[in-house]
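Protein chains in written order, with my numbering: chain A, 450 to 645; chain B, 3 to 178.
Report on one structure; see the data block that follows.
What follows is the structure, given as structure tokens:
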């Protein structure tokens with residue numbers, strides 16, 4: 450009884466805890482990367498020492514074309530997924546080699562070696578359809594006739610897998626250019642330049 | 003009177019428990035959705051301006067009777083990347099308008115062939131850049147079956163060296 454009378458009220462000091470939690474939340478909110486639906490995470494981008502920082506764009510003002518090769522997880526003798534030094538699964542190209550051209554909101558164009566021509570034809574049609582829609586939208590926004598629009602302001606971003614052939618990427622760029630897309634960007638993983 | 007009010011004023015407490023709950027929920031959400039991804043960069047490119055213009059620098063099968071077409075805005079340098087049957091980089095040709103042309107190939111016993119080619123390419127382009135001066139454009143032509151990774155490495159080698167930019171404005175084309 451005497452001890453109770455003499456003791457102070459014990460309180461847990463939550464202020465430093467709150468400070469810390471708020472700082473962590475702040476960190477995550479700033480670094481959070483809500484990946485656009487258009488960006489396919491399965492594309493293994495090539496590395497580039499000369500790639501520049503991406504200028505901020507809003508979700509609606511760009512079109513991404515993903516070109517990728519289907520991959521499967523590598524399995525060890527026990528059937529477990531092999532992993533690299535960072536714990537990431539090692540992925541091999543699926544056999545037979547299957548490639549995809551992916552536009553957001555459209556069905557994937559899936560093809561194998563030898564079917565590139567057909568795939569490029571489908572992709573060209575998709576680009577053409579997109580250009581028609583965007584031209585109409587731009588004409589309404591700028592209050593001019595559709596046929597007066599020479600250049601579409603929406604940039605095309607091409608994310609091609611390391612294993613894709615150059616001859617698949619370039620025709621898409623040419624087609625985009627022909628349809629009036631004046632800005633075409635390639636995407637790569639940025640790496641620091643090694644002194645040679 | 004004032005003294006009395008001070009004495010009997012109720013103790014105001016801010017209930018921080020719900021706030022803490024919410025913060026922990028937010029923290030949990032962000033921790034679960036956090037995926038540090040590799041940093042992507044952009045790579046602006048141009049197309050070889052017209053079908054006629056592309057490949058003008060490349061003196062393959064020159065017709066001696068044909069009069070040369072003068073296109074003042076044509077880049078001085080054309081780099082032609084050729085692929086082996088398996089799609090890997092095999093050799094690189096450099097053409098300089100009104101000047102030299104050369105082929106870069108790795109020595110037959112080399113194990114890191116494409117690395118050597120690209121190192122040599124950057125070195126040669128540095129020399130050419132010094133000779134021709136201000137033009138910061140180049141045409142890159144590549145075989146259709148060249149792997150995209152190798153094509154990108156060739157473009158990288160053309161765009162900049164470790165000591166600074168070389169030909170940052172690239173025009174892309176296919177080997178004809």
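Built from N, CA and C at the ideal position, the CB exists for glycine as well.
Is DSSP giving residue 626 of chain A helix, strand or coil here? To locate residue 626 of chain A, count along the first chain from 1; it is residue 177. Helix.
Show which residues of chain A have a CB atom less than 8 Å away from the CB atom of residue 145 of chain B. In the second chain, the residue the question calls residue 145 of chain B occupies position 143. For residue 145 of chain B, the residues of chain A that pass the 8 Å Cβ criterion are 615, 616, in the order they occur in the chain.
When you compare the CB of residue 508 of chain A with every CB in chain B, is at least one pair closer than 7 Å? Counting from 1 along the first chain, the entry for residue 508 of chain A is found at position 59. At residue 508 of chain A the pLDDT is 47, less than 50, meaning the model places this residue with poor confidence; the figure from the coordinates comes in the next sentence. Contacts with chain B at 7 Å (Cβ-Cβ) do not include residue 508 of chain A.
State yes or no: is the C-beta of residue 81 of chain B within less than 7 Å of the C-beta of residue 177 of chain B? The count along the second chain starts at 1 and reaches residue 81 of chain B at position 79. The count along the second chain starts at 1 and reaches residue 177 of chain B at position 175. No, the pair does not count as a contact, with Cβ atoms beyond the cut-off.
Is residue 463 of chain A near the ligand HEM, going by C-beta to nearest heavy atom under 6 Å? With respect to small molecules bound, the structure shown includes none, and the ligand HEM cannot be examined in it.
Could you tell me if residue 102 of chain B is buried or exposed, where buried requires 16 or more neighbouring beta carbons within 10 angstroms of its beta carbon? The sequence position of residue 102 of chain B within the second chain is 100, counting from 1. Taking all protein chains shown into account, residue 102 of chain B has fewer than 16 neighbouring C-beta atoms within 10 Å of its C-beta and is therefore exposed.
Please list, in chain order, the chain A residues whose beta carbon lies closer than 8 Å to that of residue 27 of chain B. Here residue 27 of chain B refers to the residue found at position 25 of the second chain. Chain A residues near residue 27 of chain B: none, gap ~10 Å exceeds 8 Å.
Please identify the residue among A:584, A:612, A:625 whose C-alpha is closest to the C-alpha of residue 570 of chain A. The residue labelled residue 570 of chain A in the question sits at position 121 within the first chain. From the listed residues A:584, A:612, A:625, the smallest Cα separation to residue 570 of chain A is found for A:625.
If we require 3 or more residues per run, which beta strand (DSSP E) segments fall completely within the region 537 to 595 of chain A? Runs of beta strand (DSSP E) with 3 or more residues, each lying fully within the region 537 to 595 of chain A, are found at 540 to 542, 547 to 552, 558 to 561, listed in chain order.
Range of the contiguous beta strand (DSSP E) that encloses residue 120 of chain B: As a working note, residue 120 of chain B is residue 118 in the second chain. DSSP places residue 120 of chain B in no beta strand (DSSP E) but in the uninterrupted alpha helix (DSSP H) bounded by 115 to 134.
7 Å Cβ cutoff, residue 60 of chain B in contact with chain A: Translated into the one-based positions of the second chain, residue 60 of chain B becomes position 58. Confidence is the limiting factor: at residue 60 of chain B the pLDDT is only 45, short of 50, which leaves the residue's position unreliable, though a coordinate-based value still follows. It does not; no Cβ of chain A falls within 7 Å.
Under three-state DSSP, which class holds residue 527 of chain A? Start at 1 with the first residue of the first chain, and residue 527 of chain A comes out as number 78. Note: residue 527 of chain A maps to coil in three-state DSSP.
Measure the beta-carbon distance from residue 538 of chain A to residue 522 of chain A and round it to whole angstroms, keeping in mind my assumption that it falls under 8 Å. In the first chain, the residue the question calls residue 538 of chain A occupies position 89. In the first chain, the residue the question calls residue 522 of chain A occupies position 73. Indeed they touch by this definition, with Cβ atoms about 5 Å apart.
How many whole angstroms separate the CB atoms of residue 605 of chain A and residue 542 of chain A, which I take to be in contact at a CB cut-off of 8 Å? Taking the first residue of the first chain as 1, we reach residue 605 of chain A at position 156. Taking the first residue of the first chain as 1, we reach residue 542 of chain A at position 93. The beta-carbon distance between residue 605 of chain A and residue 542 of chain A, rounded to whole angstroms, is 26 Å. This is too long to meet the 8 Å contact definition.
What whole-angstrom Cβ distance do residue 106 of chain B and residue 119 of chain B have, given they're in contact under 8 Å? Stepping through the second chain from its first residue, residue 106 of chain B is reached at position 104. Stepping through the second chain from its first residue, residue 119 of chain B is reached at position 117. About 5 Å separates the CB atoms of residue 106 of chain B and residue 119 of chain B; that is less than 8 Å, so the two are in contact.
CA nearest to the CA of residue 152 of chain B, picked from A:613, A:502, A:469: If you number the second chain from 1, residue 152 of chain B lands on position 150. Among A:613, A:502, A:469, the Cα nearest to that of residue 152 of chain B belongs to A:613.
Report, in whole angstroms, the separation of the C-beta atoms of residue 615 of chain A and residue 90 of chain B, which I expect to be a contact under 8 Å. Start at 1 with the first residue of the first chain, and residue 615 of chain A comes out as number 166. Start at 1 with the first residue of the second chain, and residue 90 of chain B comes out as number 88. Between residue 90 of chain B and residue 615 of chain A the Cβ distance is about 12 Å, and since that is not below 8 Å, they are no contact.
DSSP three-state assignment for residue 521 of chain A, whether helix, strand or coil: Counting from 1 along the first chain, the entry for residue 521 of chain A is found at position 72. Three-state result, residue 521 of chain A: strand.
Let me confirm a value: residue 24 of chain B is counted as buried when at least 16 other C-beta atoms fall within 10 Å, else exposed. Which label applies? In the second chain, counting from the first residue as 1, residue 24 of chain B sits at position 22. Sixteen is the threshold: since fewer than 16 other Cβ atoms of the shown chains lie within 10 Å of the Cβ of residue 24 of chain B, the residue is exposed.
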